[in-house]
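Asker: Pasting a structure below so you can have a look.
Numbering (the numbering used here), first residue to last: -12 to 195.
Following this line, the structure appears as structure tokens:
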């Protein structure tokens, strides 16, 4: 994307450009943008720290496979995951203690890379503050083999099991005689009070 942006700035189609990035920019990329802006059309550059996909107030996704197998990361996935976690820490304005599962090299690799990003950051990370209480705990999913075997028949789980929830969107296009306006429904506890109230209740409780 930086290369495409650089090409755009070399032959600008607009009078001014306001650039917003979802994560930190390295000095290399800033220098590249600066050299490409020979026409002086860049009016503003901002880092927004939104390099992840929030699905709810307690969960986010990177929207990609984490690793190829249980023994090692895909390099691009490790980088992408560390960038998402780093961006989350910046948006929450926290400098956590990092703990990872000792028996998992995957967890260790991610923890070390996130720590390296914090230490090497030019932003205001106070890594010497011993009074901080924030904790980044990194566990491999197969650390808990039981939970995936338990089918929680809650309202949210029922909707996902029967209709599938993807990025908070429920696709109803296959439902017979459905109105075109309802082919896709946004299901969010922030916007839907009924869903917010019932999402973690057992289906029997919702039905009653």
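Even for Gly, the Cβ is constructed at its ideal location relative to N, Cα and C.
How is residue 127 classed by DSSP in three states: helix, strand or coil?
Answerer: coil
Asker: Among 143, 27, 101, whose alpha-carbon lies nearest the alpha-carbon of residue 191?
Answerer: 143
Asker: Give the range of the alpha helix (DSSP H) segment to which residue 133 is assigned.
Answerer: Counting along the chain, residue 133 falls outside any alpha helix (DSSP H), and DSSP gives it neither H nor E.
Asker: Considering just the uninterrupted stretch of the alpha helix (DSSP H) at residue 105, what are its terminal residues?
Answerer: 92 to 107
Asker: From which residue to which residue does the alpha helix (DSSP H) around residue -3 run?
Answerer: -11 to -3
Asker: DSSP beta-bridge partners for residue 43?
Answerer: 46
Asker: Going by DSSP, what residue range makes up the beta strand (DSSP E) through residue 34?
Answerer: Taken as a continuous stretch (DSSP letters only), the beta strand (DSSP E) holding residue 34 covers 29 to 34.
Asker: Going by beta carbon distance, what residues of the same chain come within less than 7 Å of residue 94, once the five residues before and after it are set aside?
Answerer: The residues are 87, 88, 125, 126, 127.
Asker: Would you grab the beta carbon distance between residue 35 and residue 9 for me? Rounded to a whole angstrom, and I think it's under 8 Å.
Answerer: About 6 Å separates the two Cβ atoms, so the contact holds.
Asker: Mind checking residue 227: buried by the 16 CB within 10 Å criterion, or exposed?
Answerer: In this structure the chain extends from -12 to 195, so residue 227 is not present and cannot be described.
Asker: With a 10 Å radius around its C-beta and 16 neighbouring C-beta atoms as the bar for buried, classify residue 82 as buried or exposed.
Answerer: buried
Asker: Going along the chain, which residues of its own chain have a beta-carbon closer than 7 Å to the beta-carbon of residue 38, five neighbours each way excluded?
Answerer: Once the five neighbours on either side are set aside, the close Cβ partners of residue 38 are 9, 10, 70, 71, 74.
Asker: Would you kindly work out how many angstroms separate the C-alpha atoms of residue 29 and residue 13, rounded to a whole number?
Answerer: 17 Å
Asker: Measuring alpha carbon to alpha carbon, tell me which of -7, 26, 41 ends up nearest residue 18.
Answerer: That would be -7, whose Cα lies nearest to the Cα of residue 18.
Asker: So, at 6 Å on beta carbons, what are the nonlocal neighbours of residue 91 in its own chain, with the 5 sequence-adjacent residues on each side left out?
Answerer: Cβ neighbours of residue 91 beyond the five flanking positions: 127.
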